[in-house]
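Asks: Here it is, the structure in full.
Chains as they are written, first to last, in the working numbering: chain A, 122 to 384; chain B, 69 to 222.
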């Protein structure tokens, strides 16, 4: 061992455990460990951990893959779901036009629950509004953020409840403004549009729904656009944007918090 | 498309193995893998070789785990740590999420440190510090367990 050797770093001890060092450096670490019994014990313990973990999992490696994880089945289920979605939407519209019998007439394999129908409608409106309005470069909104009081008052009046644009500044999104939307049965809904420092648009939809409806958060994505939806106390919320799910989840947390605080 | 599907399919056993190190319950393991596969069918696949697909799927899996519902299941798995199963897996429940993720990606998946950083969206420096912390934490747990055992024998 020569005095000119580079000192061994903690990172290199781990790289030694993980066998990521080249031959020369590995030998240098071995020399070092020969002279440092305390460090050698530590490295040996790390190696034992690694072997223990690998051995503990090895028995499971040979297990056959269960049929529900078959990828072609998942693909089929997904296609069926897409197809089913249209039938679902069609049945909702028919129900609205013709009354209760239409759902039965379509012979849906399993009757969707009211909540599922509500979430499907929420999702459809949120994705469509985001595509049409939020991505519009020049006129995404009707009332700008600078007139926030007016915006709040106006949308609250039209939706017959307190509707306040969520403050998403802590997640890096700035309110551009809001607009009024029509629901498929002639109600009013609110859309708020935000952007971040890179100009990426994000939209937040709020629409009144049946007061007893409640749905926990669900995700949806189409291409690069992700959405996150939930229903609480008769208001459906949807956050749509190109941001990753994790960011949408944080934004949804933020909105839920602000809505709860506002009572 | 077909070769990408085949590449994803080839990764399923590895994903299950990885998930079973994180979650106790078999049903949870398969739910996580299914969620990960379903997500992989929704997002754009990277134009990549088999190895790239594996990294991409692992990143999707950890992305799923970051959601609130999965975090709750992970916590439950951590609490149930005292149950059956090998000690090596039981002690993993004592690690912080990120520490466990780094340790498993290095140990089980045999990923390079830079690849671990990419999968988890953190820096290599963070990877190294999490790796050192996780190993030291497990070592102390092991030492403590051994000394408790000795005391009981005396």
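Even for Gly, the Cβ is constructed at its ideal location relative to N, Cα and C. All values derive from a computational prediction rather than experimental measurement.
#1: Name the chain A residues that come within less than 8 Å of residue 156 of chain B, Cβ to Cβ?
#2: Would you kindly work out how many angstroms separate the C-alpha atoms of residue 362 of chain A and residue 163 of chain A, rounded to a whole number?
#3: In chain order, what residues of the stretch 111-135 of chain B put their CB closer than 9 Å to some CB of chain A?
#4: Considering residue 347 of chain A, what are the terminal residues of the beta strand (DSSP E) in which it resides?
#5: Quick check on the burial criterion: 16 or more other C-beta atoms within 10 angstroms. Buried or exposed for residue 131 of chain B?
#6: What's the gap between the Cα of residue 81 of chain B and the Cα of residue 92 of chain B?
#7: With 7 Å set as the bound, which would you pick, yes or no: does the beta-carbon of residue 98 of chain B sit closer than that to a beta-carbon of chain A?
#8: Work out the CA separation of residue 306 of chain A and residue 95 of chain B for me, nearest whole Å.
#9: For the alpha helix (DSSP H) that residue 108 of chain B lies in, which residues bound it at each end?
#10: Count the other CB atoms, across all protein chains shown, that sit within 10 Å of the CB of residue 381 of chain A; report buried if there are 16 or more and exposed otherwise.
#11: Around the C-beta of residue 188 of chain A, are 16 or more other C-beta atoms found within 10 angstroms, so that it is buried, or is it exposed?
#12: Look at the alpha carbon of residue 171 of chain B and the alpha carbon of residue 119 of chain B, and state the distance between them as a whole number of angstroms.
#13: Tell me whether residue 177 of chain A sits in a helix, a strand or coil according to DSSP, three-state version.
#14: At 8 Å on the CB atoms, spell out the chain B contacts of residue 167 of chain A, in chain order.
#15: Roughly how many angstroms lie between the CA atoms of residue 121 of chain B and residue 83 of chain B, to the nearest whole one?
#16: To the nearest angstrom, report how far apart residue 160 of chain A and residue 146 of chain A are at their CA atoms.
#17: So, is residue 261 of chain B buried or exposed, given that buried needs 16 or more other C-beta atoms within 10 angstroms?
#18: Which residues in chain A sit within 9 Å of residue 102 of chain B, going by Cβ to Cβ distance?
#19: Say whether the stretch 299-319 of chain A touches the stretch 258-275 of chain A, bearing in mind that this needs 3 or more beta-carbon pairs closer than 8 Å, one atom from each stretch.
#20: Is residue 77 of chain B close to chain A? Criterion is C-beta to C-beta, closer than 7 Å.
#21: Do three or more CB pairs link the stretch 237-245 of chain A to the stretch 335-351 of chain A at distances below 8 Å?
#22: Given that a residue counts as buried once 16 or more other Cβ atoms are within 10 Å of its Cβ, and exposed if not, what is residue 135 of chain A?
#23: Does the stretch 356-371 of chain A come close enough to the stretch 317-329 of chain A that 3 or more CB-CB pairs lie under 8 Å?
#24: Note the first and the last residue of the continuous beta strand (DSSP E) segment covering residue 250 of chain A.
#25: Using a Cβ-Cβ cut-off of less than 7 Å, give me the residues of the stretch 127-140 of chain A that come near chain B, in sequence order.
#26: Would you mind telling me which residues of chain B sit closer than 8 Å to residue 409 of chain A, beta carbon to beta carbon, in chain order?
#27: With a threshold of 7 Å on Cβ separation, who are the neighbours of residue 279 of chain A within its own chain once the five nearest residues in sequence on each side are excluded?
#28: So, with DSSP's three-state summary, where would you put residue 324 of chain A?
Replies: Short version:
#1: 170, 173, 174, 176 and 177
#2: 48 Å
#3: 111, 112, 131, 132, 134 and 135
#4: 346-353
#5: buried
#6: 17 Å
#7: yes
#8: 41 Å
#9: 94-110
#10: exposed
#11: exposed
#12: 19 Å
#13: helix
#14: 203 and 207
#15: 12 Å
#16: 16 Å
#17: As shown, chain B starts at 69 and ends at 222. That puts residue 261 of chain B outside it, with no answer to give.
#18: 189, 190 and 195
#19: yes
#20: yes
#21: yes
#22: buried
#23: yes
#24: Residue 250 of chain A -> not in any beta strand (DSSP E); alpha helix (DSSP H) instead, spanning 235-250.
#25: 131, 132, 135 and 139
#26: For residue 409 of chain A there is no data in the structure shown, the boundaries of chain A being 122 and 384.
#27: 301 and 309
#28: strand
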